[in-house]
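Number of protein chains: 2
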Amino acid sequence: MLKRYLLAPGPTPVPPEVLLAMARPMFHHRAPEFDKVFAEVRDGLKWLFQTKNNVLVLAASGTGGMEGSVSNFLSPGDKALTINGGKFGERWTKLCKTFGAEVTEIKVEWGRAVDPQTVADALKKDPGIKAVYVQASETSTGVAHDVKALAEIVKPYGETILVVDAITALGVFDIKTDEWGIDVVITGSQKALMLPPGLAFVSVSDKAWQLAEKVKNTAFYFNFKKEHENQQKNQTAYTPAVSLIVGLQEVLKMMKAEGLEGVFGRQALLAKAMREGVQGAGLALFPKESPSDALTAISAPEGVDGQAIYKNLRVQYGMTAAGGQDHLKGKIFRVSHMGYMDRFDIIMAVAAIEMVLKGLGHPVKLGSGVAKAQEILMAK
Amino acid sequence: MLKRYLLAPGPTPVPPEVLLAMARPMFHHRAPEFDKVFAEVRDGLKWLFQTKNNVLVLAASGTGGMEGSVSNFLSPGDKALTINGGKFGERWTKLCKTFGAEVTEIKVEWGRAVDPQTVADALKKDPGIKAVYVQASETSTGVAHDVKALAEIVKPYGETILVVDAITALGVFDIKTDEWGIDVVITGSQKALMLPPGLAFVSVSDKAWQLAEKVKNTAFYFNFKKEHENQQKNQTAYTPAVSLIVGLQEVLKMMKAEGLEGVFGRQALLAKAMREGVQGAGLALFPKESPSDALTAISAPEGVDGQAIYKNLRVQYGMTAAGGQDHLKGKIFRVSHMGYMDRFDIIMAVAAIEMVLKGLGHPVKLGSGVAKAQEILMAK
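Sequences listed follow chains A and B, in order. Here my numbering is used: the first residue of the first sequence is 254, the next is one more, and so on. Here my numbering is used: the first residue of the second sequence is 254, the next is one more, and so on.
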């Protein structure tokens, strides 16, 4: 028997009570039963997104939400600014090009956060930019971009919106959608929301709706305006993923019981314990600055293959983490602490990493990282 | 206590063993565990679709599969032929226009099936048509179009594909994808596949892939070629809806145990019993020809509001059916017998319809329709 532990940056573990809620018999989405669930879920999402705006629910994974956040706000030929500091930043660029936008890309070294000043400069140089695209947390590098600072920069431009991919950020750390003035915030179900993959969520500000009014592009399945009209009546334009929405109702109850401060506090503590723990075991963090509280990207020590660490965690110890992507393959490995996670998930992860490294012949003092993590987790 | 019965044309009831399978703990989609499940599911889908072609699995509802079947096969300015005999036929027209196609639409009276000769004539007149779009079963009217005949007509045109929305058809009645030569067949999870909504499936023929090679359009999330490349390696381009795919594995096991002939035979028997049953109760079928075995559309009797029938079924008897859409609202109601359905679902439905009609003051002899249904169901 090999017991399994899921510490990948999505899908993340689904709490048992949510699994059971989703196992309730199916019901119809054009009936009062669904209306009631959906109304509650929509309220809960506003709370979670810290917004008065409608949060659209889409039957798709996160990329579907990203696609709609391009196709609904940019017409072919429109100017877009993308911030590319990793694999998901790159996706913004690809998406904008697919939909015919004229893209200015700010390339950020993988492992670093964008310097907000470069965005300020780009907008100053070209105030005709319609939308700025960024990640709150870049999953491929484990770095958080300062979306609060970016919102302040974009705000004065009356016809430019800020679109934030918060897929591995929302529900992990504080994102004050309305207070900071972020126009579009996207997340997915399988990260901090502790659900299986299959739902994308998008909050849209008035400024963004105004921009959408003028747009000509090929959004059909991801037609935000049509969804907005339907969802305000607790319906969806196309058949919704009913069982996941039932799970979401349960998840939102759990998150409300903990409170936003409670959730963010727990996630921050776990992230800190993970970072200090792996450093206590003699490892180095990959991010050179601004590590995301959602996941920790760890550099493989000199002479050790990062893919071997990732693979041995899974095969020897039943623990699914993640390797590096693209040019970081073999150079880093990543451990997530988003969502349904508590102190002993961190202890286990640090212990397993120590054991794998030792097994690979790397000199590590067993328990050194664990002790560091324990210290931090006790200080709560 | 009001016990609930789901007889809407999607979502349909999910078998308890499938609900439980989906409640298993989450696992990662970039790991051998998923590969194994996905490989099995892909094989099963080929069996169900009666094709040697790859069947793409998308995290979306059926409309997502329809959108991709337009955006991946038509460039702006390309010619498309759509068959519009109801709300979903209309969706083909809208989709084709959204993606810039030049659309010829064959309008079919709601309640009738397309005359294949009109399609033959249209193709003869304009052999430059790249794709013909049709429903195998038009859910809004309960009519089946003869896709076998259409496939014979389209086949000789070497650069024209036939795209069949089989969302309420596949797994209900026989669709021999390869033998008949249908290029693209689409279905969704929440119909005959007895799953919650959230997955779309699309089989693509070599002829269709050749067409796709030349296409320029804005497919990103629904980029079939990219999915094809990934899925042949048991991976997906974007995060898959893991829990639904686990449920699908279970569903395919159940369907294989019954066999295609067994499934189609049961569905045909149930459909016949429903049609004869409601006629035995003095009601008329809405389709003037070619009723679909997936669902029965029934005309509301003179002087009785179809919406009242639908509503009373739900409120008084806990039975969720469906009303009419668009100009058929109030004139018809629809009862589904797709998927996880057996003889007593039909008996219950006919009995409930009789009781609702009697309650609305319509003269109906209680048990008259039920007796007719019983007769047919015993003749098996």
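Glycine included, C-beta positions come from ideal geometry on N, C-alpha and C.
Name the chain B residues that come within less than 7 Å of A:Leu497, Cβ to Cβ? Taking the first sequence and counting its residues from 1, one reaches residue 497 of chain A at position 244. Neighbours of A:Leu497 on chain B, chain order: Gly451.
Applying the 10 Å Cβ sphere with the 16-neighbour rule, what's the burial state of A:Trp300? For the purposes of this step, residue 300 of chain A is taken as the residue at position 47 of the first sequence. Exposed, by the Cβ-count rule.
Span of the alpha helix (DSSP H), counted from its first residue to its last, around B:Val516: One-based indexing of the second sequence puts residue 516 of chain B at position 263. Taken as a continuous stretch (DSSP letters only), the alpha helix (DSSP H) holding B:Val516 covers Leu513 to Gly533.
Can you find a C-beta in chain A that's less than 8 Å from the C-beta of B:Met254? Reading the second sequence from its first residue, position 1 is the one you call residue 254 of chain B. Not closer than 8 Å to any Cβ of chain A, the Cβ of B:Met254 fails to qualify, so no.
Compare the Cα-Cα distances from A:Met631 to each of A:Lys340, A:Leu523 and A:His580 and report the closest residue. Translated into the one-based positions of the first sequence, residue 631 of chain A becomes position 378. It is A:Leu523.
Give the residues of chain B in contact with A:Arg567, contact being defined as C-beta atoms less than 7 Å apart. In the first sequence, the residue the question calls residue 567 of chain A occupies position 314. Chain B residues near A:Arg567: Ala284.
Starting from the Cα of B:Ile439, find the closest Cα among B:Val271, B:Ala373 and B:Ala313 and give me that residue. Mapped onto the second sequence, residue 439 of chain B falls at position 186. When only C-alpha atoms are compared, the closest one is B:Ala313.
What is the DSSP secondary structure of B:Gln303, reduced to helix, strand or coil? For this step, residue 303 of chain B is matched to residue 50 along the second sequence. Looking at B:Gln303 - three-state DSSP - the assignment turns out to be coil, as it is neither helix nor strand.
Closer than 8 Å between beta carbons: that is the criterion. Which residues of the segment 296 to 317 of chain B meet it against chain A? Ala312, Ala313, Ser314, Gly315, Thr316 and Gly317
For the segment 276 to 286 of chain A against the segment 418 to 431 of chain A, do three or more pairs of beta-carbon atoms, one drawn from each stretch, fall closer than 8 Å, so that the two count as touching? no
Opposing strand residues paired with A:Met279 [DSSP bridges]: Here residue 279 of chain A refers to the residue found at position 26 of the first sequence. In the DSSP output, where bridge partners are listed per residue, A:Met279 has none listed.
Going by beta carbon distance, what residues of the same chain come within less than 6 Å of B:Trp363, once the five residues before and after it are set aside? Along the second sequence, read from residue 1 onward, the residue named residue 363 of chain B stands at position 110. Here the set comprises Gly339 and Thr394.
With 16 other CB atoms within 10 Å as the buried threshold, where does A:His590 fall? Within the first sequence, residue 590 of chain A is the residue found at index 337, counting from 1. That one is buried.
The alpha helix (DSSP H) that contains B:Lys378, what's its start and end? Position 125 of the second sequence, counted from the start, is the residue given in the question as residue 378 of chain B. Counting along the chain, the alpha helix (DSSP H) containing B:Lys378 begins and ends at Pro369 to Lys378.
Proximal residues, the segment 514 to 531 of chain A versus chain B, C-beta separation under 9 Å: none
Against A:Gly224, what residues of chain B qualify as contacts under a CB-to-CB distance less than 8 Å, listed in chain order? Nothing can be reported for residue 224 of chain A, as the shown portion of chain A is limited to 254 through 633.
Does the segment 265 to 272 of chain B come close enough to the segment 440 to 454 of chain B that 3 or more CB-CB pairs lie under 8 Å? yes
Okay, do the segment 530 to 539 of chain A and the segment 562 to 571 of chain A touch, 3+ Cβ pairs below 8 Å being the bar? no
Is there a Cβ from chain A that is less than 8 Å from the Cβ of B:Tyr410? By one-based count along the second sequence, residue 410 of chain B stands at place 157. B:Tyr410 does not count as touching chain A.
Whose C-beta lies closer than 8 Å to the C-beta of B:Asp288 among residues of the same chain, with five residues either side of it excluded? Here the question's residue 288 of chain B lines up with position 35 in the second sequence. So the qualifying residues of the chain are Asn487 and Gln488.
Residues that B:Phe454 bridges to, as DSSP identifies them: As a position in the second sequence, residue 454 of chain B is number 201, starting the count at 1. Paired residue(s): B:Val310 and B:Thr440.
Reduced DSSP secondary structure (H/G/I, E/B, other) of A:Gln388: Reading the first sequence from its first residue, position 135 is the one you call residue 388 of chain A. Three-state result, A:Gln388: strand.
Express the C-alpha separation of A:Ser456 and B:Gln388 in angstroms, rounding to a whole number. Translated into positions along the second sequence, residue 388 of chain B becomes position 135. Translated into positions along the first sequence, residue 456 of chain A becomes position 203. B:Gln388 and A:Ser456: Cα-Cα distance of roughly 34 Å.
What is the rounded straight-line gap between the Cα of B:Ala574 and the Cα of B:Leu548? For the purposes of this step, residue 574 of chain B is taken as residue 321 along the second sequence, with counting starting at 1. For the purposes of this step, residue 548 of chain B is taken as residue 295 along the second sequence, with counting starting at 1. Distance between the alpha carbons of B:Ala574 and B:Leu548: 10 Å.
Are B:Ala553 and B:Gly583 touching if we call contact CB-CB under 8 Å? As a first step, residue 553 of chain B is located in the second sequence; it is residue number 300 there, counting from the start. As a first step, residue 583 of chain B is located in the second sequence; it is residue number 330 there, counting from the start. Cβ atoms of B:Ala553 and B:Gly583: closer than 8 Å.
Just mark B:Met572 as buried or exposed, buried being the case when its beta carbon has 16 or more other beta carbons within 10 Å. As a first step, residue 572 of chain B is located in the second sequence; it is residue number 319 there, counting from the start. Classification of B:Met572: buried, given that the 10 Å Cβ count is 16 or more.
With DSSP as the reference, label B:Leu260 as helix, strand or coil. Translated into positions along the second sequence, residue 260 of chain B becomes position 7. The answer is coil: DSSP assigns B:Leu260 none of H, G, I, E or B.
Judging by CA-CA distance, which residue of B:Lys350, B:Lys347 and B:Asp399 is the nearest neighbour of B:Thr371? Locating residue 371 of chain B in the second sequence gives position 118, where the first residue counts as 1. If we check each option's Cα against that of B:Thr371, B:Asp399 comes out closest.
Cβ contact (3+ pairs, closer than 8 Å) linking the segment 591 to 598 of chain A and the segment 490 to 500 of chain A: no
Taking only three categories from DSSP, how would you classify A:Ala604? Position 351 of the first sequence, counting from 1, holds the residue named residue 604 of chain A. Helix.
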